[in-house]
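Numbering (the working numbering), first residue to last: -19 to 703.
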């Protein structure tokens, strides 16, 4: 019999899984000491003549003329977070250049630094007596000091000089973001553009509390203004996957699957797998350079592991099939899950890829910039010695270790920055290759998981919201989390590789059926949090996912169905109502064609699942289709129209009529929704937009059925220009 379980518990839990706002002040002209937002007020410390005040913004007030006249603004309260912090500040200054010791810096300083009596120079650059990390927006009129600095209480280090990818701005309001996390990770962005990131080997002390601090000095008439300050906790492991709880991923060929209402996520491969892992599906300039133009006797390229870039002098590829595929998936309302294999050029590549794999290693060993990168961190070639509490060289034991870091920095980060928020999740197959390069995936020690960190943070350079999973196999039956493998500090959900390899995962006689069902049982036992209550607390929010396949043989194109329909429907319903995730590979019509489409029986099974979940997964209230409801852009002064169809964009599980669709109060005033009098299942959004500037607004669409039950979907509407 099919079993129905309640989704209520996981829905209630998931709704509360967000990074916590610790401090937020928009400076409402109520004085610095009063904050109508979160986290208490602020304090102005006048060090020499100058001060900070609240006149609707936090404003740097000059009462002296000396170059060394200065003041600090700091949060009255201090804040602690085991996971780290995200600090966002919007500032304005007339110019980044100017006489009079013009200086502006923003960051975090540990609470034991005595800020109430601080009388030094710039604590983020010129004073090493405090413990803190911060951004130097302006540095005495020069560029050399701009960027990010860290002080450990005895010495000060510039971690990055800004301007490589992004630069601070004068003459316009600018938003800067500083991210710090466990394992010594730091990152900063300017107006949303990633500038740089890295790792402090000694770590950043997250056991202590910190004040938000802003330093101003001199200026020669240049104003310094803060429009808002916001401090949040960094994500705990698993929080990035919270929005994927109770969802499923699968299908190939968008034309076949775009009508599936309950499908949430579609996978896009960036590399091949196993012995073909050196084969990349997205263009990359350096990897194409390494090709060198090799041709076989018939004039066809050999040793070319990427699609052709086009004009290699251009910063973006002239043809990018992966980007086009991602855009199409997003436009259809689905999330994108990227796939890459950790073997890349380090595993047992097949003969056709041996030459390019060796060229990659030679490049890493001889290019001066890459060699400097390898030498920049002891863990690039060393592993953690617990007794010595330091990294010791392991070049001979783990010769491929440095190439893993090179791959994350040169290839993976490039993909991440190119595709950015087109990607919602990223899975890394064959992570045992990371283990074979010297990392320890099961120790729970950050210092022993630096390659995992490098993979994760390369991805987060492009989008810090991306949820990540590594395939570290499975645990033993003695493990409390069995069958899920022990997580690393960089997993948000489990890879959950099914038992059976290339054989049938639904084989009842051979025992694979029972072993794989244990994944589902573990999800139902734990409300989807398959590591909760284990040996650590940091992994309690990591979400369980089973990654299996539809066919009895190959993952991509096996020709025979592995599942009985009733079992397939039951497993998915149980896992998703528990707050878990289900991922299904295959089965396509040809393993040789990258533009795969589903076999007929594959589509029939997924369509049966979709129909079943549409009725049983979230009963009672109207449901919204897929991950997103995509709205077309609005243009000021032009009639706007978009239709929502019951049965396609939303539905009621019991078949009750949808009697109203309304918007939340934060929707544009001009936007109206009406029901088509000739077709009760057609609802039309319309009106004439009045906004003149490009902007994106977020609001809710609220559907009500004939029983008064409501279902809500958060949407975004972008206002474009006439051009």
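Glycine residues also receive a C-beta, built at the ideal position from the N, C-alpha and C atoms. From a predicted model like this one, the values you see are computed outputs, not experimental measurements.
Buried or exposed for residue i, going by 16 or more other Cβ atoms inside 10 Å?
{"i": "residue 536", "result": "buried"}
{"i": "residue 66", "result": "buried"}
{"i": "residue 275", "result": "exposed"}
{"i": "residue 552", "result": "buried"}
{"i": "residue 86", "result": "buried"}
{"i": "residue 373", "result": "exposed"}
{"i": "residue 516", "result": "exposed"}
{"i": "residue 458", "result": "exposed"}
{"i": "residue 222", "result": "buried"}
{"i": "residue 293", "result": "exposed"}
If you drop the 5 nearest sequence neighbours on each side, which residues of the same chain put their C-beta closer than 6 Å to that of residue i?
{"i": "residue 296", "result": "none"}
{"i": "residue -12", "result": "Any reading at residue -12 must be qualified, since the residue scores a pLDDT of 37, below 50, and its modelled position is unreliable; no value is offered."}
{"i": "residue 582", "result": "530, 567"}
{"i": "residue 723", "result": "Since the first and last residues shown for the chain are -19 and 703, residue 723 lies out of range."}
{"i": "residue 271", "result": "283, 284"}
{"i": "residue 363", "result": "374, 418"}
{"i": "residue 75", "result": "150, 202"}
Apart from the five residues on each side of it in sequence, which residues of its chain come closer than 7 Å, Cβ to Cβ, to residue i?
{"i": "residue 266", "result": "390"}
{"i": "residue 683", "result": "602, 630, 638, 641, 690, 691"}
{"i": "residue 610", "result": "311, 313"}
{"i": "residue 636", "result": "685, 686, 687"}
{"i": "residue 37", "result": "7, 205, 206, 207"}
{"i": "residue 17", "result": "4, 5, 6"}
{"i": "residue 485", "result": "478, 479, 492, 496, 528, 529, 542"}
{"i": "residue 192", "result": "3, 54, 55, 67, 88, 209, 211"}
{"i": "residue 125", "result": "105, 116, 119"}
Have a look at residue i and residue j and give me their C-alpha separation to the nearest angstrom.
{"i": "residue 366", "j": "residue 419", "result": "13 Å"}
{"i": "residue 388", "j": "residue 337", "result": "15 Å"}
{"i": "residue 598", "j": "residue 633", "result": "7 Å"}
{"i": "residue 392", "j": "residue 439", "result": "7 Å"}
{"i": "residue 671", "j": "residue 171", "result": "22 Å"}
{"i": "residue 288", "j": "residue 315", "result": "27 Å"}
{"i": "residue 396", "j": "residue 174", "result": "11 Å"}
{"i": "residue 700", "j": "residue 677", "result": "12 Å"}
{"i": "residue 695", "j": "residue 644", "result": "11 Å"}
{"i": "residue 580", "j": "residue 208", "result": "55 Å"}
{"i": "residue 430", "j": "residue 277", "result": "44 Å"}
{"i": "residue 231", "j": "residue 309", "result": "12 Å"}
{"i": "residue 142", "j": "residue 156", "result": "12 Å"}
{"i": "residue 661", "j": "residue 607", "result": "21 Å"}
{"i": "residue 135", "j": "residue 109", "result": "7 Å"}
{"i": "residue 51", "j": "residue 28", "result": "7 Å"}
{"i": "residue 304", "j": "residue 618", "result": "28 Å"}
{"i": "residue 621", "j": "residue 210", "result": "37 Å"}
{"i": "residue 593", "j": "residue 229", "result": "13 Å"}
{"i": "residue 15", "j": "residue 9", "result": "10 Å"}
Could you spell out the range, first to last residue, of the alpha helix (DSSP H) harbouring residue i?
{"i": "residue 365", "result": "Not the alpha helix (DSSP H): residue 365 falls in the beta strand (DSSP E), residues 362 to 365."}
{"i": "residue 114", "result": "Residue 114 -> not in any alpha helix (DSSP H); beta strand (DSSP E) instead, spanning 111 to 119."}
{"i": "residue 33", "result": "Not the alpha helix (DSSP H): residue 33 falls in the beta strand (DSSP E), residues 31 to 34."}
{"i": "residue 415", "result": "412 to 415"}
{"i": "residue 346", "result": "334 to 346"}
{"i": "residue 393", "result": "393 to 399"}
{"i": "residue 385", "result": "381 to 387"}
{"i": "residue 309", "result": "301 to 311"}
Less than 8 Å between C-beta atoms, sequence neighbours within five positions excluded: which residues of the same chain meet that for residue i?
{"i": "residue -10", "result": "Interpretation of residue -10 is limited by its pLDDT of 40, a score under 50 that renders its predicted location unreliable; no figure is taken from the coordinates."}
{"i": "residue 329", "result": "255, 256, 257, 258, 323, 337"}
{"i": "residue 502", "result": "461, 462, 463, 464, 510, 524"}
{"i": "residue 166", "result": "113, 128, 130, 139, 158, 159, 160, 177, 178, 179, 180, 184"}
{"i": "residue 144", "result": "175, 176"}
{"i": "residue 33", "result": "12, 24, 39, 41"}
{"i": "residue 146", "result": "169, 170, 171, 173, 174, 175"}
{"i": "residue 469", "result": "162, 163, 217, 424, 426, 429, 432, 433, 518"}
{"i": "residue 107", "result": "100, 101, 131, 136"}
Which residues bound the beta strand (DSSP E) around residue i?
{"i": "residue 2", "result": "1 to 5"}
{"i": "residue 69", "result": "64 to 73"}
{"i": "residue 620", "result": "620 to 625"}
{"i": "residue 529", "result": "525 to 529"}
{"i": "residue 22", "result": "22 to 28"}
Could you tell me which uninterrupted alpha helix (DSSP H) segments, each at least 4 residues in length, are contained entirely in the segment 230 to 298, listed from first to last along the chain?
234 to 237, 265 to 271
Residue ranges of each alpha helix (DSSP H) run of no fewer than 4 residues wholly in the segment 423 to 511, ordered along the chain?
430 to 442, 492 to 506
For the segment 121 to 159, list the beta strand (DSSP E) runs that are entirely contained and at least 3 residues long, ordered along the chain.
127 to 132, 136 to 141
Segments of 4+ residues assigned as alpha helix (DSSP H) that fall wholly inside the segment 550 to 611:
580 to 596
What residue ranges within the segment 36 to 60 form continuous beta strand (DSSP E) runs of no fewer than 3 residues, ordered along the chain?
38 to 41, 50 to 55
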